[in-house]
Structures are given as C-alpha cells and as structure tokens.
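To start, the structure itself, in structure tokens.
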Amino acid sequence: MRPSLPTTATALLALSGVALAQPDTPAGPATRLETVSISGERNAPAPTMVTQDIEAAPASVTVIDRRELDRRSISTYGDMFRRVPGAFVNDYGQGLVAYEVKFRGFGSGHGRDVAFYLDGMPLNVTGSQHTNGYADLAQVIAEIVNRVEIVRGPFSPYAGNHAVAGSVQMYTDREPGSFAKVDVDNFGRLRVLPVYSGAVGDGSLLLALDATKGSGYQRQTDLERTNLFARYAFGLGAGQAAVRFQAYDADVEAPGYIDYAQVRSGQLSPRDALAPGIGDAKRQNNLVFNYRSDDLEGQGGLATGWQASVYAVDDRRRRWSFYDLSNPIGNPVDLGAEQDKMRRAGFDVRKATMLTTGSVPTQLVLGAQYDDERIDGTHFASDPRRRPLGDATVDTDREVNTRTAAAYALLQINPVSRLKLTLGGRYDHLDFDIHLNPLDDAYGASGGNRYGSRKSQFSPKLGATWAVLEGAQRIDVFANIARGLKSPYPFGDFNRLQSTSITPLRSTEIGLQGSSASLGLSWRAALWNTRQDKEALFNAGNQFIGNQKTDRDGYDLELRWLPRAGLELFGNFSAVRARIKEQPGNEYIANVPDWVGTLGVEAQSMMVGERLDWSLSNEFVGPQPLDGANSARTSSYSRSVCRVAWTPSALPASRVAVAVTHYSNPYQETLFDFGGGQSATSAKPRWKALLSAQYKF
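Note that our numbering has the sequence shown beginning at 3, numbered continuously upward.
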C-alpha cells in the first residue's frame, strides 16, 4: 500500500470522485480486484491490483484528494505540492512568473521538468520564450480540484515530453457543492470565490469565479485577477461527458530581484523594488471536452472502457523584466518586454480492456495523444510605463510551431497471486517548425530564415510489485525502470535543431512499502537514480550553459501514523545528489537542495460542542549550491504553517480558518547566483497570516 493510506479526514490516497473519473468501490469477480481497508473509511487499490488507477503503480506515487486539500492552507497553487515527499517549491515572488516545482534533483525552473495536466489538458509550453517546458498553473482553482496524482520520475506512460522529474495530473471536482469563500491576508490582498454547483436539465453545472485584488509583502506587488470556470457534465452513451470553459485575466506588478549582500548589510530593505514597470499580464481562454465510459468491472472506467480529452487554448502572455542589480532602487529604466501569443489544440484518447487469459487478471491500455502548439514570440524594449520603444528595439520576432504525436500502451498482469508485472511504453514524435520574421536579429543569417526538425523516441516503462505480506499487515516490494523524454528547446535552439537531439533520461527505482491496519501506520522507502547523456543545462538567468552528462541519485522516506481517530502524524525526508559528469571542479547542478523534509500533525477536537480542526507542519530545506563549483551556497531553512479551522455546529458544512506561515530565513527560498560575485534574492515575509471564511449553501 501507499505510505499515505491510513488517514482520517486527510487521506492522501483517495479514490474519491475524480471529475469524469470517479472509481466506485471495486467489485466483480472477473478481475479479482484486491482491495485494502483504510481505517474503516473506504477501500483503496492494493499495489498488486490490476487497474488503471495510478495509486497501484509500482512507483513512488502520491495522490491528494479533496479532503486533504480542504485541510491545508492554500493561498497559491504551489501550496498543493509543499508536503509531497521530495518536492521543493519556490514561489519566486515575481508576479505571474510560474513557480519552481522540483522533484528528484532537477532544477526545474518554472516547472519545466515536470509534466502538468489539468483535466487532460497539458500545461507545459515547449516553445515558450521563458524556458523549455514553462508550466504556469495560475489558472488552477484549488478549491474545485478534487484529485491530484503525482508520479515522481518518468514512469507514467500517460506523460511524455517534460516528464523527466515527474508528472502531475489534476482533476476538477464534478459536484463540489455551492459555496462562497473569502480570503484576506495581513498585507491586505483580498480573494473572493463564489461557486455554484447543481443540477441543470439532465446534467450538472459548475460555475466558479475567482477574483483577487491587492498587494503583497514587497513593494510594487499590486495584483488584479479574475478567473472564470464553467463546466456542464452530462450522460453520453454508456458513460459521462463534460464540456468546460475557462477565462483567465490577470495583471500584476513585480518587485524584481535585488542584491542579497545589500539586503543582509541593511543597505536595502527586503521589501524594496528594483525598478518600476516590472511585472506581467496574462489572458487565457481554454475549452476542454472530457469523456469516460462505464465498464462492467465496477471500477468506474478504470478496468475497461474509453477515456478521451480534447482541448483548445488561446493564451497571451507578456512580461516586463530588468535584472541589473547595480541600478539604484526605484530608478526608472527601460525594460525588456517578452510577449508570447499561443494557440494550442490537441487530444488524448485511450481504451482499456480486460483480456481473457484464463484465471490470470490481465489488462491492456492503448492510447494516442496529439498536441499542436503554435507560438508567435517577440522580445523588445519598453519604457517604465510598459510602452514599446519601437521596431528598432526588437531583437526576437519568430513563429514557433511544435507538433507532438504519441502512442502509448500499458499491460498489467498477475501471473501469480502476489505478483503484478507492469509492461508499458510510449512512442513520441516531435515536429518543429521555426520561422524568423524580418525584425528578428537572426533574420538573414546563414542557414536561412526557416528551420525544421523531426525528433522521435521510444520510452519503455517496466515495473513489478511483489506482496511479501498481505492482509491487515501488508508489505510490498516494488521496482521500475523507465525512460523519460525532454525535447530540444525550439525557441532557444532554433539554429541547432538539426544537430540537437532529444535528451533521453534513464531512470531506475526500487522501494519497500507497507501498512498496518491495526496500528494505523503506513510507510515507504525508495532508492532511485536518473542519468542523462546530453542534458541541456541553464543558469539562473535561463542562459544555455551546454549539453552535459548528468547523474542524480537519492532516497525518499515516508511515514504516516494514525494513533487514534482524529489524530494523524506524518513525516518524510528525501536526500539528493545531483552532479554533472566529467566536469571536475564544476560538477554541481545549481539550486538543487541537498535534502528536504516535512514533519507535521493534524487533529480534530470538540470544544463546547464546536468542532476545531488544527494542523502544524514544518518543511525543512537543506542548503543548495548556487553555482557549479559549489563556491556559494544557500543556508538551510524551515517553513512552518499552523492552521486552525472552526466549524460552527449550526453550519456543519461551513468554516472559518486562520493560518500563519513562518520562514526561519526569508531570503533562502529564492536566491540565485547572478554572476560576478553577485547573488539576488526575492524575500518572503517572515510572518504571514491568512484568514478564510467559507459558507456552504
């Protein structure tokens, strides 16, 4: 079993209703569906069970359900990942810039090495100017997310490009209920979220409007954001379908990075802003269709049946930036302006079948994906009021088209009762087409103004699970080997595409996991290694360093204990060694923590007939090298969150919550080497308080 299985209201691994993917209680003799009871609450798939449910995969998987999200203090999307074993989250504090989400020793600036999906729609952008695989999750409304599936490493056959550190599938809730929520922090930033969910005609309608306005801790952090989400779910044939539309609009100022040495010496305030005009604006509309058919095995489509996602996205992203740390604080300067106009469309369709192999449970999943990403990207100069300074300042003006076609398969079989074999793989074909416009500085250079390249890779995904003990006291051994895929950077590498290949990643993992129903205990320990022969490495300024041979290894430890009803203790610890091979004296991969860990407790109690839910979690982050020579390092630090929620007896579905976050060192989470002996930081508040009130209709 997964180490997060025995929980009360904070179950990490739940088979609660995924939007259009709600597994029912497993039943039916055709597949000998083995299940394990979790503290009398529900059944979850055993690791040797044959099912599409990713919880049963022979890999390090964390699944976060709606109840777990409800009990956390979530003010940004990054907070959804902060307790995940081995995860490091960096909120840059720079406007709408995508956060850093790291797994398994990857720098993963802006989430580029983790493949993210929302209701089947990919969120990484291969051709973004900012970085290869840029993953902006700001449009995710955490309160209507019902399930988050996190696979560490490249084992999932459902994720291709960018899934080298891991993959994340997020699903919105089909019927979250109607409620209104208000959040306000101690800096005055206000967020209002009304949600309507109810029956309309023969289906169900979900409407949510997320509106945020106000400033943050640092100066020059004004934010205005609206995020409209609408979905209609209905029966279609022998299954369930949904059509959803989202409209996201945001404008924000950002402080820019400031000199760390001057902050430490007191010459600068940690709240200072480097220059006026820095910030972002983003507009996105997306349309998604989802379908899942029923099956006869009682797994809600996880044993047999069809699944499909079709999506279309129109995205406009602009960013104004400035990085000269020698600029006097607040002095107006011309800014670099980055603009991406993206149109995207694609689909993912799969069919699961239970094969007739006598008494041996066997499942085959076959699927296909297609993604067409078209970006018109320009880079130019603007004045401090964000007004373009004319065509003469344009240095980049190009159209980047990335088309990805993939086919994948997954075969699961129980040759004997205690053993499950997982044999999977996927084939990805990437087609790049880059066109330089006349204003681009590279226009007219040798080699022409149009570049094209085609790259392909087959990625096997092989794993096995052996049940050493079954029943109330369970122990399983699991192992997997997998190949991951990272494409060339079509925006930055356009003139090298003919000679630049896909950089495959080889990953191995072995682990031991177990649980005790009588003790309310679950745990997991895993060892892993990943290797690449030609990894494209970038510095803190996103400048290409070179293709290097890299090696990463580490271990993860996880533990959850439910000593009694209403009380849970949890902890995890991960250590990482990330190195560049054949580069003596310059072998460290920058901005990768040596270790990360979490300790926490969650509890429920009654006071004078009123229910209180409280939690305390401490995240510990080890030091990070800031450069390849390890000549400068961050310090270790901790981030503590205490949350207390009151549920009135007269309104059992509503609550008022207060959460307080404390950083032991507010400069270390976002700290980079800018070269020339200078380090830059974007400070966090040492203390932050968030008051939330939710009323359910």
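Heads up, the beta-carbon is just placed ideally off N, CA and C, and yes, glycines get one too. What you are looking at is a predicted structure, and each value in this text was computed from that prediction instead of being measured.
| query | result |
| --- | --- |
| Who are the near neighbours of Ala-240 in its chain, counting only those whose CB is closer than 7 Å to its CB and skipping five residues on each side? | Ser-295, Asp-296 |
| Tell me the start and end of each unbroken alpha helix (DSSP H) in the region 570-604 that is at least 4 residues and wholly inside, in chain order. | none |
| Output the residue ranges of the beta strand (DSSP E) runs that lie fully inside the region 109-178 and measure 3 residues or longer, sorted by chain position. | 116-120, 147-154, 168-174 |
| Would Glu-560 and Asn-574 be called neighbours here (beta carbons separated by less than 7 Å)? | yes |
| Quick check: Ile-280 and Leu-270, are their CB atoms within less than 7 Å of each other? | no |
| Measuring CA to CA, which of Leu-357, Asp-373, Asp-342 is closest to Gln-131? | Asp-342 |
| In the structure shown, what three-state DSSP assignment does Thr-663 receive? | strand |
| Given a cut-off of 7 Å, decide if Pro-60 and Ala-763 are closer than it, judged by their beta-carbon atoms. | The structure shown has nothing for residue 763, since the chain only spans 3 to 699. |
| Quick check on DSSP: helix, strand or coil for Val-470? | strand |
| Could you tell me the distance, in whole angstroms, from the CA atom of Gly-516 to the CA atom of Leu-601? | 19 Å |
| Tell me the start and end of each unbroken beta strand (DSSP E) in the region 207-292 that is at least 3 residues and wholly inside, in chain order. | 225-238, 241-255 |
| Within a Cβ cutoff of 6 Å, which residues of the same chain sit near Leu-555, ignoring the five residues on either side of it in sequence? | Residue identity differs from the one stated: residue 555 is Asp in this sequence, not Leu. Only Asn-531, Arg-579 meet the Cβ criterion. |
| Please state if the CB of Ser-503 and the CB of Leu-432 are separated by a distance shorter than 7 Å. | no |
| Would you check if the distance between the CB atom of Pro-196 and the CB atom of Leu-211 is smaller than 7 Å? | yes |
| I need the straight-line Cα distance from Tyr-557 to Gly-513, nearest angstrom please. | 9 Å |
| On the criterion of 16 or more Cβ atoms from any shown chain inside 10 Å, does Asn-745 qualify as buried, or is it exposed? | The chain is shown from 3 up to 699; residue 745 falls before or after that span and cannot be answered. |
| Inspect the CB distances between the region 242-255 and the region 179-193 and report whether three or more fall short of 8 Å. | no |
| Taking buried to mean at least 16 other C-beta atoms within 10 Å of its own C-beta, is Phe-247 buried or exposed? | exposed |
| Given 6 Å as the limit, tell me if Ala-655 has its C-beta closer than that to any heavy atom belonging to the ligand FAD. | The ligand FAD is not part of this structure, which contains no ligands at all. |
| Short of 6 Å in beta carbon distance, which residues of its chain neighbour Thr-505, apart from the five on each side in sequence? Order them along the chain. | Lys-488, Gln-534, Lys-536, Glu-537 |
| Need the endpoints of the alpha helix (DSSP H) that Arg-68 sits in, please. | 68-72 |
| In the DSSP output, what is Val-91 paired with across the bridge? | Val-103 |
| Which residue comes first and which comes last in the beta strand (DSSP E) that contains Lys-183? | 181-187 |
| Hey, Arg-657 and Gln-696: beta-carbon distance below 7 Å or not? | yes |
| Please work out which residues of its chain come closer than 6 Å, Cβ to Cβ, to Pro-668, disregarding the five sequence neighbours upstream and downstream, and give them in chain order. | Ala-685, Lys-686, Arg-688 |
| Is it the case that the Cβ atoms of Thr-672 and Thr-663 are separated by a distance below 7 Å? | no |
| So, at 6 Å on beta carbons, what are the nonlocal neighbours of Leu-521 in its own chain, with the 5 sequence-adjacent residues on each side left out? | none |
| Would you report the Cα separation of Gln-264 and Ala-447, rounded to the nearest angstrom? | 43 Å |
| Can you tell me which residues form a DSSP beta bridge with Asp-316? | Asn-287, Arg-345 |
| For Arg-85, count the other beta carbons within 10 Å of its own beta carbon; 16 or more makes it buried, fewer makes it exposed. Which is it? | buried |
| Compare the C-alpha of Trp-308 against each of Leu-327, Ala-275, Lys-353, Asn-134 and name the closest. | Lys-353 |
| Quick check on Ala-631: buried or exposed, where buried means 16 or more other Cβ atoms within 10 Å of its Cβ? | exposed |
| Can you give me the C-alpha to C-alpha distance between Lys-215 and Glu-145, rounded to a whole angstrom? | 18 Å |
| For the pair the region 370-380 and the region 397-405, tell me if three or more CB-CB distances fall below 8 Å. | yes |
| Per DSSP, what kind of secondary structure is Met-609 in: helix, strand or coil? | strand |
| Alpha carbon to alpha carbon, how far is Gly-97 from Asn-439? Give it in angstroms, no decimals. | 30 Å |
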